[in-house]
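One structure below.
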Amino acid sequence: LLVIFIVLFIVLIYLMILNGIKANEGKRIKKPATEGLKPSYYEEPEFISFSATKLADEIKNRRLSSTEVVEGYINRIIIQNEKVNSICHILFDEARKQASDADRVINECYDNDDNVINDLLDDLPCFLGVPCTIKECFSVVGYPNTSGLVARHEKN
Numbered sequence: 001l002l003v004i005f006i007v008l009f010i011v012l013i014y015l016m017i018l019n020g021i022k023a024n025e026g027k028r029i030k031k032p033a034t035e036g037l038k039p040s041y042y043e044e045p046e047f048i049s050f051s052a053t054k055l056a057d058e059i060k061n062r063r064l065s066s067t068e069v070v071e072g073y074i075n076r077i078i079i080q081n082e083k084v085n086s087i088c089h090i091l092f093d094e095a096r097k098q099a100s101d102a103d104r105v106i107n108e109c110y111d112n113d114d115n116v117i118n119d120l121l122d123d124l125p126c127f128l129g130v131p132c133t134i135k136e137c138f139s140v141v142g143y144p145n146t147s148g149l150v151a152r153h154e155k156n
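If you number the sequence shown the way my numbering does, the last residue is 156 and the count never jumps.
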């Protein structure tokens, strides 16, 4: 009896998945959030391939600014999101403000002769100024949290 129940359960799940695939076949549930946005440039900067630790080092040592890095990633998102539709909510303005704030804090760690004031630089968070994306399965106050479920698309 248990085996019959398990087989029926598996068949039911299979049919639900198959029906869901057919219902959405060839359709986008939601348009890309970046639709209509145009990138500032199309050539990808070299730092796009850097690791997070290398980016952090480049930003802290002012070889790159956080603002420059964020703009590079915004351009990449605009270009790539049309294909993959993985960025659901655009927070470009917030990212730009946080990058500007990070640059200001880092610049305060240098004196007028561009010498590092070590105590200040060492106390900064290790990934200060490095951009990242946050999946919707993590709750962030004021932003949607769908956990990948269409039924939760309007939940904050």
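Built from N, CA and C at the ideal position, the CB exists for glycine as well. None of the values given here were measured: they were computed from a predicted structure.
Check                                                                                                                                                     : Outcome
Name the two residues that bound the continuous alpha helix (DSSP H) containing L124.                                                                     : Here L124 belongs to no alpha helix (DSSP H), and DSSP marks it neither H nor E.
Given this structure, state the Cα-to-Cα distance separating P125 from V105, to the nearest angstrom.                                                     : 11 Å
Would K67 pass as a contact of D103 if the rule is Cβ separation under 8 Å?                                                                               : The residue asked about is misnamed: residue 67 is Thr in this sequence, not Lys. Yes, they are a contact pair.
From what residue to what residue does the alpha helix (DSSP H) around D93 run?                                                                           : F92 to N107
If distances are taken between C-alpha atoms only, which option among V141, C137, Y143 and G142 comes closest to L149?                                    : C137
Around the C-beta of T34, are 16 or more other C-beta atoms found within 10 angstroms, so that it is buried, or is it exposed?                            : buried
Using a Cβ-Cβ cutoff of less than 6 Å, which residues in the same chain neighbour I90 once the five nearest sequence positions on both sides are dropped? : A33
Alpha carbon to alpha carbon, what distance is there between R96 and F127?                                                                                : 16 Å
Where I79 and Q98 are concerned, what is the direct C-alpha to C-alpha distance, given to the nearest angstrom?                                           : 22 Å
According to DSSP, simplified to helix, strand and coil, what is Y73?                                                                                     : helix
Report the option in F5, V70, V140 and N75 whose CA atom is closest to the CA atom of Y41.                                                                : N75
Do you know offhand how far F47's Cα is from P131's?                                                                                                      : 12 Å
What first and last residue would you give for the alpha helix (DSSP H) that runs through D113?                                                           : No alpha helix (DSSP H) holds D113; DSSP gives it neither H nor E.
Rounding to the nearest angstrom, what Cα-Cα distance links R63 and I87 in this structure?                                                                : 28 Å
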